[in-house]
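A.B. asks:
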Amino acid sequence: MERDVVIEVKNLKKTYKKRKGNEIIYALNGVNFNVYRGEILGLLGPNGAGKTTTIKSICGLIKPNGGAVLINEIDSNKSRLKALNYLSAVLEGNRNLYWRLTVRENLEYFVGNRGVNRKNEQGRVEELLLYFNLKEKENELVSSLSRGMQQKLAIAVALSANTEIILLDEPTLGLDVETGYEVRELLKRLVKEHGKTIIISTHDMPVVQDLCERTVIINNGKVIADEQVDNLIAFFDTRAYIFTLGEELTSQQRISLTENYPMCNINFNEIEVIIEKENDLYKIMDILKSEKTVIEKIDRSIVDIEQIFLKLTKEGSKE
Amino acid sequence: MKPFWFLLCANVRKEYIELKRYYPNTLSLIFTFYIVFLAMLLGIHVIGDPQQVDTNVQYVIVNYIIWFFMLATLQNLGYVILMEAQRGTLEQLFMSPAGMWRILLARLIAGLFLYGIIVVFLLILSMLTANQWLFFRVDVVMPIFIITTIGMIGVGFMLAGLAIIVKQIQSFLQILQFILMGLTFIPLSTAPFLLIAPFVKGVDMIRQVMIHGFIWSDFLLFDYLSLMINSISYFFIGLIIYFKCEKTALERGLLSQY
Ligand SMILES: Nc1ncnc2c1ncn2[C@@H]1O[C@H](COP(=O)(O)OP(=O)(O)OP(=O)(O)O)[C@@H](O)[C@H]1O
Ligand SMILES: [Mg+2]
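Below is the structure:
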């Protein structure tokens with residue numbers, strides 16, 4: 127089935143000049159991916175990979191040096207304001223709200239600032255306050271809210287714009303476990319009930335596993351994986367093994383293992399490794415046999431998205 | 014047009030809420046204004062030419078009020094942008110499909126409107142204190158005043174643009190009060206070249222009306238023309254500079270405090 131492309135990121139490039147000196151930072155080196163209508167896309171990557179730069183380019187907050195972002199076929203650079211009609215975002219950190227205004231005033235101000243009559247949107251505002259459990263707090267200043275509550279309000283503000291696409295840059299960052307869970311549940315509910323197209327950038331793997339259907343992994347300003355989460359797990363599932371040994375490895379074996387398989391985990395008499403090809407399995411056995419190490423058993427290990435992520439990004443930075 | 018009206022309402026409302034909620038700041042602004050005014054009055058009585066006291070006091074009232082009004086609106090705009098860049102709300106504003114320049118325009122008008130109300134109150138208070146009653150022909154002053162503010166809005170756009178890309182704008186905002194003082198206190202007759210500076214022509218005409226009782230027919234066509242050309246030029250120059258700054262900010266990723 128042909129799916130509707132809502133966002134097309136085409137060969138996006140962005141360089142920054144460092145404030146001091148003339149050093150140039152290559153934040154994005156030709157990023158390509160599509161976002162389809164109604165899907166939830168996880169944008170992953172280690173610190174400094176270029177996630178925020180990608181999100182801000184989509185939002186028209188950064189002008190790329192090359193490539194383009196098309197939002198419903200509108201170039202977000204050439205027709206910035208037109209493209210913005212389809213977008214709203216919660217950007218990094220707790221910095222999306224007016225701390226000197228109350229919860230309700232924030233919602234109403236942002237609605238007004240899009241050139242919309244706030245009186246016509248009363249119903250929406252009311253609905254969002256209830257939906258996010260903020261009704262009791264509606265007249266409190268944002269500065270007095272907890273971090274989790276602020277984050278919920280920021281998401282509510284993004285929803286108040288009633289746009290087709292919502293971008294969330296690390297929505298659970300800096301929240302404690304409980305609040306992080308709450309925000310995650312909320313996003314889950316949102317996705318089910320509202321059918322929006324959502325892009326989430328995150329380091330929070332449970333968010334990816336719970337919410338995202340597809341993930342784009344960025345490293346050093348390049349896309350290194352673009353897959354359905356399920357496929358990715360299935361793909362790696364067949365390739366993760368645990369070797370249980372009768373004795374400890376010699377230091378020679380350790381070295382050759384970690385050199386060839388940087389992602390292997392060596393624990394006393396247990397080796398956990400994700401291999402690329404069937405052939406690798408025999409190579410590892412060869413390394414073990416070279417010192418006549420007793421292999422007690424070989425098991426399939428269960429992988430999660432976090433391990434896959436680590437493996438992919440480690441490989442990327444090896445190049 | 015309609016979307017702009019909602020933009021305007023939202024921004025007047027926000028500005029009003031903040032002035033009211035942080036009323037100690039607002040009151041201290043008014044209080045400082047008044048104390049400085051009293052000091053100036055005292056100065057005129059003590060060291061000024063006794064023959065000239067009345068005219069001098071009238072000059073001070075008009076100049077000082079206009080200076081205060083411009084400073085309050087322009088400095089406020091600059092500081093607000095700086096604060097929003099630090100807080101991160103600036104990026105949210107830039108994501109409005111209405112366009113940041115329209116939001117800024119709405120904010121400038123909101124500021125002019127609300128500070129205008131405060132200034133009228135201060136004008137009456139000053140006149141009461143000094144017991145000097147100026148000519149206040151609304152029908153003559155208002156049109157001149159409105160055309161003058163069009164130029165002010167242009168200057169506001171320049172400041173906003175600079176505040177977005179130059180993070181050290183703070184010290185400039187401090188100096189701004191002296192620049193504005195020069196522009197509002199120096200009469201055109203002593204420095205005719207100031208005709209090309211922003212607001213000076215308008216302020217000069219307002220002085221003529223309020224102190225010397227000029228009416229429509231007392232001005233020359235040249236006065237009206239130069240006032241309009243000056244204001245409209247500054248409005249467009251301001252907008253152009255703002256758009257240039259906006260472009261730079263998007264290219265270098267300057268919207269968040271990086
Ligand atoms: N405005 C800027 N000026 C200069 N360099 C920048 C700017 N914004 C980002 N960078 C650099 O560009 C690179 C990519 O940054 P980006 O913020 O997109 O990464 P990220 O994937 O969001 O990382 P994180 O997980 O830490 O949020 C980094 O090396 C960063 O230092
Ligand atoms: Mg980031």
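Top line first, the protein sequences correspond to chains R and A. With this note's numbering applied, the first sequence corresponds to residues 127 to 445, in that order. With this note's numbering applied, the second sequence corresponds to residues 14 to 271, in that order. Ideal Cβ placement from N, Cα and C applies to all residues, glycine included.
Mapping the DSSP letters down to three states, classify Q251(A) as helix, strand or coil.
C.D. replies: If you number the second sequence from 1, residue 251(A) lands on position 238. Here residue 251(A) is Gly; the residue named in the question, Gln, does not match the sequence. If DSSP states are grouped into helix, strand and coil, G251(A) belongs with the helices.
A.B. asks: Compare the C-beta of Y224(R) with all C-beta atoms of chain A and state if any pair is closer than 9 Å.
C.D. replies: Taking the first residue of the first sequence as 1, we reach residue 224(R) at position 98. It does: the Cβ of Y224(R) has a partner Cβ on chain A nearer than 9 Å.
A.B. asks: Around the Cβ of L438(R), are there at least 16 other Cβ atoms within 10 angstroms (buried) or fewer (exposed)?
C.D. replies: Position 312 of the first sequence, counted from the first residue, corresponds to residue 438(R). Buried: at least 16 other Cβ atoms inside 10 Å.
A.B. asks: Following the continuous beta strand (DSSP E) through F450(R), name the residue where it begins and the one where it ends.
C.D. replies: Because residue 450(R) is not part of the residues shown, which for chain R are 127 to 445, the question remains open.
A.B. asks: Which residues in chain A sit within 7 Å of F258(R), going by Cβ to Cβ distance?
C.D. replies: Taking the first sequence and counting its residues from 1, one reaches residue 258(R) at position 132. None at all; the shortest Cβ gap to chain A is about 17 Å.
A.B. asks: Report yes or no: is there a C-beta of chain B within less than 9 Å of the C-beta of T179(R)?
C.D. replies: Judged by its chain identifiers, the structure shown contains no chain B, and its protein chains are R and A.
A.B. asks: So for E445(R), helix, strand or coil by DSSP?
C.D. replies: Residue numbering aside, residue 445(R) sits at position 319 when the first sequence is read from its first letter. Low confidence applies to E445(R): its pLDDT is 45, below 50, so where it sits in the model is not reliable enough to give any reading.
A.B. asks: Rank G164(R), I200(R), I166(R) and K136(R) by C-alpha distance to the C-alpha of T180(R) and give the top, closest one.
C.D. replies: Sequence index remark: in the first sequence, residue 180(R) carries index 54 (1-based). Among G164(R), I200(R), I166(R) and K136(R), the Cα nearest to that of T180(R) is on K136(R).
A.B. asks: I need the DSSP call for K139(R), collapsed to helix, strand or coil.
C.D. replies: Translated into the one-based positions of the first sequence, residue 139(R) becomes position 13. Here K139(R) sits in strand by DSSP.
A.B. asks: Output the boundary residues of the beta strand (DSSP E) element that contains N345(R).
C.D. replies: In the first sequence, counting from the first residue as 1, residue 345(R) sits at position 219. For N345(R), the enclosing beta strand (DSSP E) starts and ends at R340 to N345.
A.B. asks: Within the 9 Å Cβ cut-off, does F81(A) reach chain R?
C.D. replies: The count along the second sequence starts at 1 and reaches residue 81(A) at position 68. Not one chain R Cβ lies under 9 Å of F81(A).
A.B. asks: For L55(A), decide whether its Cβ has a neighbour in chain R, counting only Cβ atoms nearer than 9 Å.
C.D. replies: One-based indexing of the second sequence puts residue 55(A) at position 42. Chain R, which has no Cβ nearer than 9 Å to the Cβ of L55(A), makes this no.
A.B. asks: In angstroms, rounded to a whole number, what distance separates the CA positions of F17(A) and A119(A)?
C.D. replies: Within the second sequence, numbered from 1, the residue matching residue 17(A) stands at position 4. Within the second sequence, numbered from 1, the residue matching residue 119(A) stands at position 106. CA-CA distance, F17(A) to A119(A), rounds to 8 Å.
A.B. asks: Under the assumption that T7(A) contacts M83(A) (Cβ atoms under 8 Å), give the Cβ distance between them as a whole number of angstroms.
C.D. replies: A question about residue 7(A) goes unanswered here, because the residues of chain A that appear run from 14 up to 271.
A.B. asks: Output needed in chain order: residues of the region 36-66 of chain A with a Cβ under 9 Å from some Cβ in chain R.
C.D. replies: none
A.B. asks: In terms of residue numbering, what span does the beta strand (DSSP E) encompassing T323(R) cover?
C.D. replies: In the first sequence, counting from the first residue as 1, residue 323(R) sits at position 197. Note, T323(R): beta strand (DSSP E), T323 to S327.
A.B. asks: With DSSP collapsed to three states, give me the class of S214(R).
C.D. replies: In the first sequence, counting from the first residue as 1, residue 214(R) sits at position 88. S214(R) falls in the strand class under three-state DSSP.
A.B. asks: Does the distance between the C-beta of L263(A) and the nearest non-hydrogen atom of ligand 1 fall short of 8 Å?
C.D. replies: By 1-based counting over the second sequence, the position of residue 263(A) is 250. Outside the cutoff, so no.
A.B. asks: At the 9 Å Cβ level, is Y235(R) part of the contact set with chain A, yes or no?
C.D. replies: As a position in the first sequence, residue 235(R) is number 109, starting the count at 1. By this cut-off, Y235(R) is an interface position.
A.B. asks: Quick check: what's the CA-CA separation for P110(A) versus N211(R)?
C.D. replies: Counting from 1 along the second sequence, the entry for residue 110(A) is found at position 97. Counting from 1 along the first sequence, the entry for residue 211(R) is found at position 85. Using only the alpha carbons, I get a separation of about 6 Å.
A.B. asks: Which residues bound the beta strand (DSSP E) around I166(R)?
C.D. replies: Position 40 of the first sequence, counted from the start, is the residue given in the question as residue 166(R). I166 to L170 is the extent of the beta strand (DSSP E) around I166(R).
A.B. asks: Cα separation between K509(R) and S139(A)?
C.D. replies: Nothing in the structure corresponds to residue 509(R), since chain R is present only between 127 and 445.
A.B. asks: Do L279(R) and L316(R) come within 9 Å of each other at the CB atom, strictly closer than that value?
C.D. replies: Walking along the first sequence from the start, residue 316(R) turns up at place 190. Walking along the first sequence from the start, residue 279(R) turns up at place 153. Taking 9 Å as the cut-off, the beta carbon of L316(R) is found no closer than this to the beta carbon of L279(R).
A.B. asks: Given a cut-off of 9 Å on the beta-carbon distance, is the pair V70(A) and Q145(A) in contact?
C.D. replies: Position 57 of the second sequence, counted from the start, is the residue given in the question as residue 70(A). Position 132 of the second sequence, counted from the start, is the residue given in the question as residue 145(A). Contact annotation: V70(A) and Q145(A) have beta-carbon atoms nearer than 9 Å.
A.B. asks: Between G353(A) and G251(A), what straight-line distance do the alpha-carbon atoms span, to the nearest angstrom?
C.D. replies: Residue 353(A) lies beyond the range of chain A shown here (14 to 271); nothing can be said about it.
A.B. asks: Can you find a heavy atom of ligand 1 that lies under 8 Å from the Cβ of E432(R)?
C.D. replies: To locate residue 432(R), count along the first sequence from 1; it is residue 306. Every heavy atom of ligand 1 is 8 Å or more from the Cβ of E432(R), so no.
A.B. asks: Can you list the residues of chain R that L20(A) reaches, using a CB-CB cut of under 8 Å?
C.D. replies: Along the second sequence, read from residue 1 onward, the residue named residue 20(A) stands at position 7. Here the neighbours are G238, N239 and G241.
A.B. asks: Use the C-beta contact count for E141(A): other C-beta atoms within 10 angstroms, 16 or more gives buried, fewer gives exposed.
C.D. replies: Locating residue 141(A) in the second sequence gives position 128, counting from the first residue. According to the sequence as given, residue 141(A) is Leu; it is not Glu. Under this definition L141(A) is an exposed residue.
A.B. asks: I want to know whether the region 98-109 of chain A touches the region 36-50 of chain A - three or more CB-CB distances under 8 Å.
C.D. replies: Too few Cβ pairs lie closer than 8 Å, so no.
A.B. asks: Compute the minimum distance between the beta carbon of K140(R) and the heavy atoms of ligand 2, and state whether it is under 8 Å.
C.D. replies: Working through the first sequence from its first residue, we reach residue 140(R) at position 14. No, Cβ of K140(R) sits at least 8 Å from all heavy atoms of ligand 2.
A.B. asks: Using a Cβ cut-off of 9 Å (strictly closer), state whether V283(R) contacts chain A.
C.D. replies: Start at 1 with the first residue of the first sequence, and residue 283(R) comes out as number 157. With a threshold of 9 Å between beta carbons, V283(R) makes contact with chain A.
A.B. asks: For K444(R) and L193(A), what's the separation of their Cα atoms in angstroms?
C.D. replies: Numbered from 1 along the first sequence, position 318 holds the residue referred to as residue 444(R). Numbered from 1 along the second sequence, position 180 holds the residue referred to as residue 193(A). With a pLDDT of 47 at K444(R), under the threshold of 50, the modelled position of that residue is not reliable, and no figure is offered here.
A.B. asks: Is Y142(R) close to chain A? Criterion is C-beta to C-beta, closer than 9 Å.
C.D. replies: On the first sequence, residue 142(R) is found 16 positions in, with the first residue counted as 1. By this cut-off, Y142(R) is an interface position.
A.B. asks: Would you call G56(A) buried or exposed, if buried means 16 or more other Cβ atoms sit within 10 Å of its Cβ?
C.D. replies: Stepping through the second sequence from its first residue, residue 56(A) is reached at position 43. Exposed, since its Cβ has fewer than 16 Cβ neighbours within 10 Å.
A.B. asks: Taking just the CA atoms, how far does I178(A) sit from L268(A)?
C.D. replies: Residue numbering aside, residue 268(A) sits at position 255 when the second sequence is read from its first letter. Residue numbering aside, residue 178(A) sits at position 165 when the second sequence is read from its first letter. About 8 Å.
A.B. asks: Looking at the structure shown, is Y29(A) part of a helix, part of a strand, or coil, going by DSSP?
C.D. replies: Locating residue 29(A) in the second sequence gives position 16, counting from the first residue. Looking at Y29(A) - three-state DSSP - the assignment turns out to be helix.
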